[in-house]
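Step one of this worksheet: look at the structure below.
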Amino acid sequence: MQNTSVHMLFETLKSIETKNCPTLILIFIGRFYHYIRYLEGIYLLVVGGLMLSTFPFK
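Okay, so the sequence shown: first residue is 93 according to our numbering, each after it adds one.
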């Protein structure tokens with residue numbers, strides 16, 4: 093998973109270097125930010141579920 097994102101980043105940087113296009117940077121940042129937010133949401137769901145199962149309401 094890590095290897096794929098690093099490879100994608102490298103490819104994006106290479107294409108930016110050849111085309112020198114700022115829109116590619118914006119697209120990449122937007123996708124990367126969305127991906128981070130998605131992972132954060134999953135993380136919060138998992139942690140919340142674990143907390144609820146570890147400390148049940150009595």
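Think of the CB as a built atom: it goes at the ideal place given N, C-alpha and C, for glycine as much as any other residue.
Inter-residue Cα distance where the pair is residue i and residue j
{"i": "G122", "j": "L116", "result": "10 Å"}
{"i": "L137", "j": "H99", "result": "29 Å"}
{"i": "G74", "j": "L144", "result": "Look at the range of the chain in this structure, 93 to 150, and you will see that residue 74 is not part of it."}
{"i": "I128", "j": "G141", "result": "20 Å"}
{"i": "S97", "j": "T146", "result": "34 Å"}
{"i": "F102", "j": "H126", "result": "19 Å"}
Whether residue i touches residue j by CB criterion (7 Å)
{"i": "T104", "j": "F120", "result": "yes"}
Cβ of residue i within 7 Å of any chain C Cβ
{"i": "E103", "result": "Looking for chain C here will not work: only one protein chain is present."}
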